[in-house]
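Scroll down for the structure; my scribbles are underneath it.
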Amino acid sequence: MIRSYGDKVKHIQHPDLTDIRLPKKEEKFKGYYKIARHYKWALTQIFHELMYDAVIIVEDDLDISPDFYEYFAATFRILHTDPSLWCVSAWNDNGKETMVATDPELLYRTDFFPGLGWMLEKSVWLELESTWPTTFWDDWMRHPDQRKDRSCIRPEVPRTSTFGKVGVSKGQYFEKHLKFIKHNMNAVPFTQKDLSYLKKDIYDDHYVHDVYSAPLMSIRQVIIGDSPDIKVVRVQYSDKVSFKTQAKQLGLMDDFKSGVPRTGYRGIVSFLYRGRRVHFAPPPNWRGYDPTWS
């Protein structure tokens, strides 16, 4: 298959495979240093040597969905024209089979940088390259100094799944979480769809209104299935402790990066719980993320 594309495919290899010398207490993180070094070299090649305007990054332990490239081709138009966006991701951190809708067309904005199959433009790389970190590049991306209040597009049903049980992260999260992520197998012709609803001004008007128009329920009511005829509800958290406590009960990832919860948008995490849409949200007068939440 790859050979059939002839000279349209370029295979580049990192010339620097030398070891990275670290203090003894940092030795266990050596793999993360090598990954950050590799990313910087590869992205420099893509944007400065090969002169591409955008790149889709796929780690070598990911499977992709049938509409993976279609998804990125369609969302590139929005990414390119909406300055409030800085990436598109194929991943949903809370994308377990029981927590996502069956509709593969659903797309969202998120303030959390997801990675795991993602696209960025050259303009963003030009911002990042001079201060690119020596390790833990993804958490660095999530810091407010890099994110600058920008968001990513992500799907309801993930377009990637990972089979990398053992790697640099030593299988962290795999058995408890990653192996349960749903992998979309239903192709959606995204390039034929109107995705303008993902632009910030339109999205904020509709999504935020829908969230805070949903009836407020306690977590107990949601868990016991109270009022099953109500198909969309809101559960409120008020601080870091109430978020983490309730997130665990609901089966969500409960960690933060620079104060942003996984999949969060304006602090809102949307998912399915036993077939009901739940918006796990801060109070309506939310004033922004607190980077001290971790």
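Heads up: take any position in the sequence shown, counting from 1, add 190, and you land on the numbering used here.
All C-beta atoms, glycine included, are put in the ideal place defined by N, C-alpha and C.
The structure displayed is predicted, hence computed values, not measured ones.
Test item: CB-CB of residue i and residue j under 8 angstroms
| i | j | result |
| --- | --- | --- |
| Val347 | Gly285 | yes |
| Ile246 | Met331 | no |
| Met407 | Asp416 | yes |
| Phe446 | Ser386 | no |
| Phe258 | Ala280 | yes |
| Lys383 | Ala264 | yes |
| Arg299 | Tyr393 | yes |
| Gln439 | Ile413 | yes |
| Asp301 | Gly454 | yes |
| Phe237 | Trp322 | no |
| Leu297 | Pro345 | yes |
| Val425 | Phe470 | yes |
Residue i versus residue j - alpha carbon distance
| i | j | result |
| --- | --- | --- |
| Leu233 | Thr350 | 21 angstroms |
| Phe380 | Lys389 | 16 angstroms |
| Ala485 | Pro273 | Outside the displayed span of the chain (191 to 484) sits residue 485, for which this structure offers no information. |
| Lys360 | Asp250 | Because Lys360 sits at a pLDDT of 48, beneath the cut-off of 50, its placement in the model cannot be relied upon, and the point is left open. |
| Arg211 | Tyr222 | 13 angstroms |
| Asp283 | Arg452 | 6 angstroms |
| Leu368 | Arg464 | 20 angstroms |
| Lys230 | Thr325 | 11 angstroms |
| Asp241 | Tyr261 | For clarity, residue 241 is Met in the given sequence; the question names Asp instead. Between Met241 and Tyr261, the C-alpha separation is close to 23 angstroms. |
| Val431 | Glu239 | 48 angstroms |
| Glu317 | Ser341 | 16 angstroms |
| Lys214 | Leu207 | 20 angstroms |
| His228 | Asp419 | 51 angstroms |
| Glu311 | Asp480 | 28 angstroms |
| Gly307 | Pro473 | 32 angstroms |
| Ala377 | Glu295 | 9 angstroms |
| Trp327 | Ala226 | 6 angstroms |
| Thr352 | Ile254 | 9 angstroms |
| Ile371 | Phe433 | 22 angstroms |
| Glu319 | Ser313 | 10 angstroms |
| Ser460 | Asp293 | 14 angstroms |
| Ile268 | Ile192 | 29 angstroms |
| Glu217 | Met289 | 37 angstroms |
| Leu442 | Arg410 | 15 angstroms |
| Thr271 | Ile343 | 13 angstroms |
| Pro205 | Cys277 | 28 angstroms |
| Arg467 | Asp209 | 49 angstroms |
| Asp395 | Tyr402 | 11 angstroms |
| Gln436 | Ser194 | 51 angstroms |
| Ser448 | Trp476 | 16 angstroms |
| Gln235 | Lys198 | 16 angstroms |
| Asp335 | Asp329 | 11 angstroms |
Bounding residues of the alpha helix (DSSP H) (the contiguous stretch that carries residue i)
| i | result |
| --- | --- |
| Tyr298 | Run containing Tyr298: none in the alpha helix (DSSP H); it sits in the beta strand (DSSP E), 297 to 300. |
| Arg410 | 409 to 414 |
| Ser279 | Premise fails: Ser279 lies in the beta strand (DSSP E), 275 to 279, not in any alpha helix (DSSP H). |
| Gln382 | Element bounds for Gln382: n/a, residue is neither H nor E. |
| Val290 | Taken as a continuous stretch (DSSP letters only), Val290 belongs to no alpha helix (DSSP H), as it is neither H nor E. |
| Lys430 | 430 to 440 |
| Ile392 | 390 to 393 |
| Ser403 | 399 to 403 |
Paired residues, beta bridge with residue i - DSSP
| i | result |
| --- | --- |
| Leu487 | Residue coverage of the chain in this structure runs from 191 to 484, which leaves residue 487 outside it and unanswerable. |
| Tyr455 | Ile458 |
| Leu406 | Arg424 |
| Val450 | Lys447 |
Closer than 7 angstroms: residue i CB and nearest the ligand SAH heavy atom
| i | result |
| --- | --- |
| Ser432 | You won't find the ligand SAH in this model; it holds no ligand whatsoever. |
Segment limits, beta strand (DSSP E) that includes residue i
| i | result |
| --- | --- |
| Leu207 | Per DSSP, Leu207 belongs to no beta strand (DSSP E) and is neither H nor E. |
| Val509 | The question about residue 509 has no answer here: the residues shown for the chain are numbered 191 through 484. |
Which runs of the alpha helix (DSSP H), 4 residues or longer, sit entirely within the region 227 to 259?
-> none
Just list the beta strand (DSSP E) runs in the region 299 to 371, keeping only unbroken ones of 3 residues or longer that don't cross its boundaries, in chain order.
-> 308 to 311, 341 to 345, 350 to 352
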